[in-house]
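Student:
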């Protein structure tokens, strides 16, 4: 198996998502609050995984612009849930040591008192390790 | 006879009611949804036609697993057949479990005529279970084992 | 006992009944056997004591075909079997004059023998009128004693109660004997690992010699011709050739009486090999009670049997693997 | 000993590509009783059947096995072929080596092995087969149509025109169904009422058609040709014979707060009501839940104003029992509930409506008298957004996995009608795909875009957010422009998924007709028998079988009618001889079998028997083979094995088990 294919399989395994179920309706992108800041849009995540271009996915800005608000997961009519794919891509990055986007120690400095609690919890879930 | 251990190829008997599950198996076939060839289907008019004797007989003659499929409860072609079958099989399976026969060797699954996918998935998972349990040695006539 | 004999004589004399179905003494002090009595003279042999464990209800299938009524002595537990036979149209209620006899628990000679009591000549305390808690046993080796409760049949420890479900008159008093739960043994086996369960039943069933005593004594097992004797299932065989056939016979036998078995315990009582056959029937009863609601076969003559009944919400067979 | 012939079909390459058919035929000859075996390209073809006939006659066959496709496909074909050649048709067994073998296995060796085993099982069974003779049963020349929408009406008219009596049972107070709620119909934009009303009148005036409105099917028993049905005529509280339909009662009724079902709850109606002006029958019913008289005992105004004296508060439900030869199900559809779709703000804003509600808004008899206005404030909208596939094509548990099929077309219709009547209103349609297969359908959709300037955007809407200013902020995506779109709308219309009428599950259970996971009734064959249920004598008309539009529904209604007529035209039906039989010498007379028989086919008789010299009278189970449907419940309930099923006997099934486990 090529390394690209392995990475794509890994994303599918971590996320538990079958990207082939996507019918390209775009409801994820329609729901996304961070849409305008993303270089790869939520609905495009699926095709990147199908095309086994995980490299671009992992290096995209979108990975860290996703708020993990789960609107796309909640609303996806096909059970594809791009949010989970994004999360899986993040996991891949996190698993490669030394490539952490954030260290746990750095977080307190970045905290904003206006930040909703839920986002905090979510952020810890995402950025821990 | 060779001394080498023979590869385990389970014998699996599936009783399917004519109206739902047999048709579901047909749909699995026409949709080319594969499942292992170890499964052999016997057509019965209704799940309520399946006598516990048939199931024990299959085990006696060397079956490693027996599965019965019928219409979903409430959808029986004969209105009530699968309700009786459900009670009979529940009690029989409980008894087999009680005397120490591995409980995964028997299964009941409700598969409608429209559920080709479910039929294939059911058979795949059942066969997998039987492979994991291995040969049926507890409930069989040893003379039938070759 | 005398009261019973007197009443039997009266009924024979006034023509109410043509015969009496009871027990007569056997060749040993502890093996009375079922018998018909047609005259007052014959009744001299009549006995009713704590060794009269046999359930006479099944004999009424044949007795129902005879001319005239039969007086039949039924213990409380036997009346369940009789009711079940009425429900299945196997006996004719009109042909039976049921005398409900009292019961203070029946004795198991095997239990006495297991205590090392041998060469028995007579047993005192086994008469139905005796109040004794201890049996005095005269043997060729001298007198031995045994607590009554210790010699009781297993089924009497889990007695369904001393109330007769059906009768024309009652004679004699009863004593409660229940001191255990009838599902304890089943629960103990259920808790075993599959390997232990299998070993347990393999050991018990390998004793089976297919004498068919269980089948012949069972009031529910009353088919004119058993499937194991007919060609209908290609299953007729008189002996167990391998371990499968032992299991097959007993599973199917238990299945055929499931929901009909009153738990009278005759199968275990008559088994010459001492196989605890009631464990099969009781497993089904326990499952039926647990899954479909409490049901006592023979408590009435009209209720729907569990296996000819259903509800939409019945448990799925997969529950078998899920229970604890 | 039987003399069995085995015929192995190649089915072109369908079987032969995966199964070594000549090997299978060769192996057949090694089985007991087999005296002839051959393989051929298409056994079901005329040439194939000729080969079978020749073998039966030349080899004097007493039984045969065809290794071919599913018996559900060609068992009848081969049985007929056998019968023509002089062999009892019930001496034929099928080994299904196509659906159950060649189509699902890839390895030739493995598939061939399995095919041989399936063939052996069939041979083992045939060895124990006995010739059977079908009985006859009568056909009641009357049909029942369940549901009085366009599907039911059309089916009833077609059956009645052929000269048979038809009863329509309709749950609501009037026939007409969903179509009566529509304003215009695609693709020709006819007024729905203008084309439906004449059909309704025709049905009600037809001398062969009897309509039970405000009625429900309560119980069904019997079988093809001879169903017995209990129909509950719900208490209308108005005497159908006396009522003149003047409508005064409805005007005077002081309770006017009940939501109007006909207008989808967008306005209210009186407690005594006819659902709509053209209702048939034009006789009101009293909604007892809403009626003051029924709630408090006071009022009674309607009875006072009724000059015909038709109002009858004492009326009770009535059960009518009727016999039918055929039953057609035409129970139609409803839109799904939108409780789970919070993101579209349906329950938060009155200005988010379903397409069916828009039909009522656009209709002159609707809550706004046909004026397009916002239901919240009555203002004329300037910006309307349509959202497609709301609840359709969803694989989660909120919606339905299927395409509702009609939404693309009716949305194009709505968009076009709005742009036509109100050219200053902007119309935007968010779509995933536009599906327009059908005559003149794509042309219709293109007209909406090209001629009427409807703005189609490829992309789904993620959220509709009601704004403080009363507008609706629609957040959607434009996948072709790769943009997220925020649009302020005055109204949002949801193309809500349709689902079978929820009552259909209950009806299907009564009819023992099978139903799929989406509650659509299953057809006997997806392609070749699309209007018949697998249960004989039950036919399917309209959306109860699957989503369809009006022209398709009418076409299917006619097809179902023809199938029903074909059945009713017969005087006698041959019954299935695979029925239960009780062995007189083994029967205990215990009644266990009687207790599980769903057809009441088992009774008990005292019979003289001679059991090996013992002569006695015994209580014996007797099966009425006209009632027995051959399920086999009794055979397993019987502990002695006295009860057995012809064609699926204990020994036959055991022989199959043995052959498979050999």
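Residue numbers (our numbering), protein chains in the order written: chain A, 906 to 1034; chain B, 70 to 215; chain C, 311 to 634; chain D, 177 to 838. Yeah, the Cβ is synthetic: ideal placement off N, Cα and C, and Gly gets one too.
When DSSP labels each residue in this structure, what does residue 795 of chain D get in the three-state scheme?
Tutor: Start at 1 with the first residue of the fourth chain, and residue 795 of chain D comes out as number 619. In this structure, residue 795 of chain D counts as strand in the three-state DSSP scheme.
Student: Does the beta-carbon of residue 196 of chain D have 16 or more other beta-carbons within 10 angstroms, so that it is buried, or is it exposed?
Tutor: Stepping through the fourth chain from its first residue, residue 196 of chain D is reached at position 20. Residue 196 of chain D comes out buried.
Student: Have a look at C:604, C:589, C:576, C:586 and flag the residue whose alpha-carbon is nearest the alpha-carbon of residue 361 of chain C.
Tutor: Stepping through the third chain from its first residue, residue 361 of chain C is reached at position 51. Of C:604, C:589, C:576, C:586, the residue nearest in Cα terms is C:576.
Student: If you reduce the DSSP assignment to three classes, tell me which class residue 787 of chain D lands in.
Tutor: Numbered from 1 along the fourth chain, position 611 holds the residue referred to as residue 787 of chain D. Reduced to three states, the DSSP call for residue 787 of chain D is strand.
Student: Output needed for residue 611 of chain D: all residues of its chain with C-beta closer than 7 Å, excluding positions within five of it in sequence on either side, in chain order.
Tutor: Locating residue 611 of chain D in the fourth chain gives position 435, where the first residue counts as 1. Taken in chain order, the residues that qualify are 579, 584.
Student: Within the continuous alpha helix (DSSP H) that includes residue 962 of chain A, where are the two ends?
Tutor: Taking the first chain and counting its residues from 1, one reaches residue 962 of chain A at position 57. That run of the alpha helix (DSSP H) goes 959-963.
Student: Using the DSSP secondary-structure output, state which residues sit across from residue 970 of chain A in a beta bridge.
Tutor: Residue mapping note: residue 970 of chain A aligns to position 65 of the first chain, counting from 1. According to DSSP, which records beta bridges pairwise, residue 970 of chain A is partnered with nothing at all.
Student: Is residue 193 of chain B helix, strand or coil by DSSP?
Tutor: Within the second chain, residue 193 of chain B is the residue found at index 124, counting from 1. DSSP places residue 193 of chain B in helix when its eight states are reduced to three.
Student: DSSP on residue 242 of chain D, reduced to helix/strand/coil?
Tutor: As a position in the fourth chain, residue 242 of chain D is number 66, starting the count at 1. Three-state DSSP puts residue 242 of chain D in a strand.
Student: Excluding sequence positions up to five away, which residues of its chain have a Cβ less than 7 Å from the Cβ of residue 416 of chain D?
Tutor: As a first step, residue 416 of chain D must be located in the fourth chain, where it is residue number 240. The answer, listed in chain order, is 457, 459.
Student: Could you tell me the alpha carbon to alpha carbon distance between residue 533 of chain D and residue 589 of chain D, rounded to whole angstroms?
Tutor: Stepping through the fourth chain from its first residue, residue 533 of chain D is reached at position 357. Stepping through the fourth chain from its first residue, residue 589 of chain D is reached at position 413. Going by the C-alpha atoms only, they are around 14 Å apart.
Student: Residues of chain A with CB under 7 Å from residue 569 of chain D, in chain order?
Tutor: Counting from one through the fourth chain, the residue named residue 569 of chain D turns up at place 393. Going along chain A in sequence order, the residues near residue 569 of chain D (Cβ under 7 Å) are 928, 982.
Student: Residue 548 of chain D and residue 540 of chain D: beta carbons closer than 8 Å?
Tutor: Here residue 548 of chain D corresponds to residue number 372 of the fourth chain, with the count starting at 1. Here residue 540 of chain D corresponds to residue number 364 of the fourth chain, with the count starting at 1. Result no, Cβ atoms of residue 548 of chain D and residue 540 of chain D do not sit closer than 8 Å.
Student: By the 8 Å beta-carbon criterion, what residues does the segment 88-115 of chain B contribute toward chain C?
Tutor: Those residues of the segment 88-115 of chain B that come within reach of chain C (Cβ to Cβ, closer than 8 Å) do not exist; the list is empty.
Student: Starting from residue 560 of chain C, find everything on chain D with Cβ-Cβ shorter than 9 Å and list it in chain order.
Tutor: One-based indexing of the third chain puts residue 560 of chain C at position 250. By Cβ distance, chain D contributes nothing, its closest Cβ being about 14 Å from residue 560 of chain C, past 9 Å.
Student: On the three-state DSSP scale, how would you describe residue 292 of chain D?
Tutor: Locating residue 292 of chain D in the fourth chain gives position 116, counting from the first residue. If DSSP states are grouped into helix, strand and coil, residue 292 of chain D belongs with the helices.
Student: With 16 as the cutoff for other CB atoms within 10 Å, does residue 1000 of chain A come out buried or exposed?
Tutor: As a first step, residue 1000 of chain A is located in the first chain; it is residue number 95 there, counting from the start. Looking at its Cβ environment, which holds fewer than 16 other Cβ atoms inside 10 Å, residue 1000 of chain A is exposed.
Student: Using 8 Å as the Cβ pair cut-off and three pairs as the minimum, do the segment 137-148 of chain B and the segment 316-331 of chain C touch?
Tutor: Judged by Cβ distances under 8 Å, the segment 137-148 of chain B makes no contact with the segment 316-331 of chain C, as fewer than three pairs qualify.
Student: Examine chain B for any beta-carbon lying closer than 8 Å to the beta-carbon of residue 614 of chain C, and answer yes or no.
Tutor: For this step, residue 614 of chain C is matched to residue 304 along the third chain. No, residue 614 of chain C lies away from the interface with chain B (no Cβ there is under 8 Å from its Cβ).
Student: Counting only the same chain and skipping the five closest in sequence on each side, list residues whose C-beta sits under 8 Å from that of residue 437 of chain C.
Tutor: Taking the third chain and counting its residues from 1, one reaches residue 437 of chain C at position 127. Excluding sequence neighbours, residue 437 of chain C sits near 311, 359, 360.
Student: With a threshold of 7 Å on Cβ separation, who are the neighbours of residue 153 of chain B within its own chain once the five nearest residues in sequence on each side are excluded?
Tutor: In the second chain, counting from the first residue as 1, residue 153 of chain B sits at position 84. 117, listed in sequence order.
Student: I want to verify the contact list: residues of chain D whose CB lies under 7 Å from the CB of residue 149 of chain B, in sequence order.
Tutor: Taking the first residue of the second chain as position 1, residue 149 of chain B is located at position 80. Correct list: 774.
Student: Can you tell me the Cα-Cα spacing of residue 516 of chain C and residue 914 of chain A, whole angstroms?
Tutor: The residue labelled residue 516 of chain C in the question sits at position 206 within the third chain. The residue labelled residue 914 of chain A in the question sits at position 9 within the first chain. Each residue's Cα considered, the two are about 54 Å apart.
Student: Can you give the Cα-Cα distance for residue 184 of chain D and residue 228 of chain D, rounded to whole angstroms?
Tutor: For the purposes of this step, residue 184 of chain D is identified with residue 8 of the fourth chain, where counting begins at 1. For the purposes of this step, residue 228 of chain D is identified with residue 52 of the fourth chain, where counting begins at 1. Whole-angstrom Cα-Cα distance: 11 Å.
Student: Considering only the beta carbon of each residue, do residue 431 of chain D and residue 482 of chain D sit closer than 8 Å?
Tutor: Taking the first residue of the fourth chain as position 1, residue 431 of chain D is located at position 255. Taking the first residue of the fourth chain as position 1, residue 482 of chain D is located at position 306. In this structure, residue 482 of chain D does not lie closer than 8 Å to residue 431 of chain D by Cβ.
Student: Name the two residues that bound the continuous beta strand (DSSP E) containing residue 631 of chain D.
Tutor: In the fourth chain, the residue the question calls residue 631 of chain D occupies position 455. Element bounds for residue 631 of chain D: 631-634.
Student: Check residue 85 of chain B in the structure and name its three-state DSSP category.
Tutor: Within the second chain, numbered from 1, the residue matching residue 85 of chain B stands at position 16. It is a strand residue.
Student: Report the neighbours of residue 593 of chain C on chain B: residues whose CB is nearer than 8 Å to its CB, in chain order.
Tutor: Sequence index remark: in the third chain, residue 593 of chain C carries index 283 (1-based). The contacting residues are 163, 164, 167.
Student: So, are the CB atoms of residue 382 of chain C and residue 331 of chain C less than 8 Å apart?
Tutor: Taking the third chain and counting its residues from 1, one reaches residue 382 of chain C at position 72. Taking the third chain and counting its residues from 1, one reaches residue 331 of chain C at position 21. Going by C-beta atoms, residue 382 of chain C is nearer than 8 Å to residue 331 of chain C.
Student: So, with DSSP's three-state summary, where would you put residue 213 of chain D?
Tutor: Counting from 1 along the fourth chain, the entry for residue 213 of chain D is found at position 37. Strand at residue 213 of chain D.
Student: Specify the secondary structure class of residue 145 of chain B as computed by DSSP and reduced to three states.
Tutor: As a first step, residue 145 of chain B must be located in the second chain, where it is residue number 76. The answer is strand: DSSP assigns residue 145 of chain B an E or B state.
Student: Where do the N-terminal and C-terminal ends of the alpha helix (DSSP H) with residue 59 of chain B fall, by residue?
Tutor: One cannot answer for residue 59 of chain B here, as it falls past the ends of chain B, which runs 70 to 215.
Student: So residue 372 of chain D is in the alpha helix (DSSP H); what residue range does that whole segment cover?
Tutor: Taking the first residue of the fourth chain as position 1, residue 372 of chain D is located at position 196. Per DSSP, residue 372 of chain D belongs to the alpha helix (DSSP H) from 368-381.
Student: Do residue 299 of chain D and residue 207 of chain D come within 8 Å of each other at the CB atom, strictly closer than that value?
Tutor: Counted from its first residue, the fourth chain places residue 207 of chain D at position 31. Counted from its first residue, the fourth chain places residue 299 of chain D at position 123. The answer is yes: Cβ separation under 8 Å.
Student: Less than 8 Å between CB atoms is the rule here; does residue 545 of chain C satisfy it with respect to chain B?
Tutor: In the third chain, counting from the first residue as 1, residue 545 of chain C sits at position 235. It does; some Cβ of chain B falls within 8 Å.
Student: Taking 7 Å as the cut-off, is the beta-carbon of residue 477 of chain C closer than that to any non-hydrogen atom of the ligand MG?
Tutor: As far as ligands go, the structure on display features none, and thus does not contain the ligand MG.
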